[in-house]
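Worksheet: the structure to be examined is printed underneath.
In my numbering, the protein residues as written are 3 to 776.
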């Protein structure tokens, strides 16, 4: 048995968990970008843990496997540095993907800059298939082949083939793929394989993404393989399953890194005995939040960097509030993000002249301890953080805020205000993936991980009404640990498009699922490893005329209807019994399980450790305790800071941390939360920003539910609506970034309703207005 490496390459740090030949787990953390010292953080970390010099080859036979989550595809999509791509599409539809669905992400921008297209050239082919899969015009192969050869001569090597209704009649796409390979194209993506579902635009965009990103991944994989030799490589897919390097595709790599965190969060929560968990992964660049309620929640339609990707992804919501989020004062309000200091220059305390960030605020407040933060900073990459630099810049900012507001805030007050805003932003993100979908967060454990998660976990839990926080021994590198806990999986989908009440619908569903299951199982049988393959069969159901599809287990039509209605009511609070149910598609997930390592490490016997209250001194009024000094059953009462090699956990006042039998830190709220009270009307730049964000989140949630339950194309696809929050006089408080044209008259409409119903309005009343003059 050799070494195994589980790697998460994030925006700021690359985290590594290694399992040695004797089963010991070791961790390492490197800056993801440090060109002065190494070219690739992942392979450099492998070398360091093996004791191999930078640039030297990894000894043959020392490593059994490397599992990796990577941001390579995500960065290429964000920065538009993918492979120049050709789009091959049915004649007459060359501009279909440019037109898209008319969604406008920046509604208040006067100068509208459309997102850069991922394809650089288009070949229109003569063919046509109708909506029932019948051929109306045969494919003109010679004309298509000439267009492909011409594009190849212009230097294009990646092609996305997207034909009208190609998912129903794939023969034309298959023939074009053959011609493309014959012409010399090295990356050929066809829509009936990439996204075999209805709707040309999302199917086309997903296919283009696959063609655009897959060559980038191939080059990265080739580079890693070149440095690691014949070591088997597996990569985390966006859906939460592992794929071998040869089967890792661009469309499945968009949230490769965050997916490892979701898997890790779910597995350690189950090991600790919790059935429902919220993942809180705060890193250097952003914070990812996720939900686990006995099974992974996935989304099948996402928009990333202005591009729609219709592929199964773990439902992860990202907010620009990481440790590296830049802190600013705009003259009236505190601002946290969305800009990030990244890894270079990083926060001010990184000794590279960076700006003030959330990490600097925590350093000033004593929530992170310089002696227990990775010493990888400064010109030589071996110095600790410089909390003094953070304090100096906060002092300058406090003077600026005081001059603008007529107050005299001290450094700690300013830093605490920024942290409070960052916490509120993260709380809003968690509400979006939980409360907005009908889940009761108070029944969940908050699993805190990421390098900065433990610094804010208690505050986030308090804001959500959660009483328990779980911090795994590898919380600081849990996304990397999740790579080691993930199973190999293969997902397959197929369109159905039949009413749930149709004749023989159960037989049709079962037949389609049988074929998909056989194909997915065969793929896993070819993968390394052994074990029994299990298959999960799901049916995707929606109300006729709506876009919200919910997946339910395969069962009888009546049972599937019941499961759909239960999920729909939880999400939207109502049902539409008069509307027919449609089976949109079916899907399967074949799983080849990984032999999971035991719970990370059993805690030592209590007698082997000193009392937790002894601590390592005080930092910002908090007791500082080394996690290595804690033993099974030890308790740490807040306020305290628990430090370790890869993370810091802040135990706030009123909370208690206890070491469980398997070494987890379980934090529980031991005293009642402070009673809520009015804060007054005095202008406060911190409260102003917090409530602005909170009201905005309410308006955005209104829009999400409206679009999800709508039947009108203008509402559900074009998002042609506005949602806003008003005060008791009809004054606008906050509006979501929806269509701005409605906002001018919306306030007057609200005021008319208030005037016309004065004295009669009761809580829970709903008023519908359809008079353009009122």
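We put the CB at the ideal spot given by N, CA and C, even for glycine. Just so it is clear, the structure is predicted and the values come from calculations on it, not from any experiment.
{"Asked": "Report the option in 284, 261, 290 and 297 whose CA atom is closest to the CA atom of residue 277.", "Found": "297"}
{"Asked": "Going by CA-CA distance only, name the one from 96, 758, 44 and 649 that's closest to residue 121.", "Found": "96"}
{"Asked": "Is the number of C-beta pairs between the region 308–326 and the region 704–718 that are closer than 8 Å three or more?", "Found": "no"}
{"Asked": "Please report the straight-line C-alpha distance between residue 274 and residue 406, rounded to a whole angstrom.", "Found": "50 Å"}
{"Asked": "CB-CB under 8 Å to residue 577, same chain, minus the five flanking residues each way: which ones, in chain order?", "Found": "567, 570 and 571"}
{"Asked": "Going by C-alpha to C-alpha distance, which of 590, 409 and 482 sits closest to residue 497?", "Found": "590"}
{"Asked": "Who pairs with residue 555 in a beta bridge, going by DSSP?", "Found": "540"}
{"Asked": "Does DSSP classify residue 159 as helix, strand or coil?", "Found": "coil"}
{"Asked": "Does the Cβ of residue 256 have 16 or more other Cβ atoms within 10 Å, making it buried, or fewer, making it exposed?", "Found": "buried"}
{"Asked": "Check each candidate in 674, 321 and 216 and name the one with the smallest Cα separation from residue 430.", "Found": "321"}
{"Asked": "Using a Cβ-Cβ cutoff of less than 8 Å, which residues in the same chain neighbour residue 433 once the five nearest sequence positions on both sides are dropped?", "Found": "443, 466, 699 and 703"}
{"Asked": "On a CA-only basis, which of 597, 546 and 557 is nearest residue 579? Give me that one, please.", "Found": "546"}
{"Asked": "Just tell me which of 131, 126 and 244 has its CA closest to the CA of residue 144.", "Found": "126"}
{"Asked": "Which same chain residues end up closer than 8 Å to residue 377 when comparing Cβ atoms and leaving out the 5 residues on each side of it in sequence?", "Found": "384, 385 and 386"}
{"Asked": "Could you work out which residue in 688, 7, 717 and 736 is closest to residue 233 when comparing CA atoms only?", "Found": "7"}
{"Asked": "Compute the Euclidean distance between the alpha carbons of residue 131 and residue 760, then round it to the nearest angstrom.", "Found": "59 Å"}
{"Asked": "Compute the beta-carbon to beta-carbon distance between residue 624 and residue 642, rounded to the nearest angstrom, for a pair I have assumed lies under 8 Å.", "Found": "5 Å"}
{"Asked": "With C-beta atoms as the reference, is residue 205 less than 7 Å away from residue 193?", "Found": "yes"}
{"Asked": "How many Å lie between residue 610 and residue 633 at the Cα?", "Found": "Here residue 610 scores only 31 on pLDDT, less than 50, and its place in the model is too uncertain to base an answer on."}
{"Asked": "Can you tell me which residues form a DSSP beta bridge with residue 470?", "Found": "670"}
{"Asked": "Could you work out which residue in 282, 316 and 745 is closest to residue 425 when comparing CA atoms only?", "Found": "282"}
{"Asked": "Indicate the three-state DSSP secondary structure (helix, strand or coil) for residue 501 in the structure shown.", "Found": "strand"}
{"Asked": "Can you look up residue 483 in the DSSP assignment and give me helix, strand or coil?", "Found": "helix"}
{"Asked": "Give me whichever residues DSSP pairs with residue 191 in a beta bridge.", "Found": "162"}
{"Asked": "Taking 6 Å as the limit between beta carbons, can you name the residues of its chain near residue 319, skipping five residues before and five after?", "Found": "291, 431, 434 and 435"}
{"Asked": "Under 8 Å: do the region 148–158 and the region 83–94 share three or more Cβ pairs, one atom per stretch?", "Found": "yes"}
{"Asked": "For residue 481, which option in 285, 368 and 221 has the closest C-alpha, if you only look at C-alpha atoms?", "Found": "285"}
{"Asked": "Counting C-beta neighbours from all protein chains within 10 Å, is the total for residue 191 16 or more, i.e. buried, or is it exposed?", "Found": "buried"}
{"Asked": "Please state whether DSSP places residue 615 in a helix, a strand or coil.", "Found": "Because the pLDDT of residue 615 is 41, which lies under 50, any placement of that residue in the model is unreliable, and the number read from its coordinates should be weighed accordingly. The answer is helix: DSSP assigns residue 615 an H, G or I state."}
{"Asked": "My output table needs one value for residue 384: the three-state DSSP class, helix, strand or coil.", "Found": "coil"}
{"Asked": "Nearest CA to the CA of residue 390: which residue from 366, 402 and 379?", "Found": "366"}
{"Asked": "With C-beta atoms as the reference, is residue 548 less than 7 Å away from residue 592?", "Found": "no"}
{"Asked": "For the alpha helix (DSSP H) containing residue 422, list its first residue and its last residue.", "Found": "413–435"}
{"Asked": "Between residue 521 and residue 494, how many whole angstroms is the CB-CB distance? I'm expecting something under 8 Å.", "Found": "6 Å"}
{"Asked": "On a CA-only basis, which of 667, 673, 657 and 488 is nearest residue 241? Give me that one, please.", "Found": "488"}
{"Asked": "Are the CB atoms of residue 19 and residue 483 within a distance shorter than 7 Å?", "Found": "yes"}
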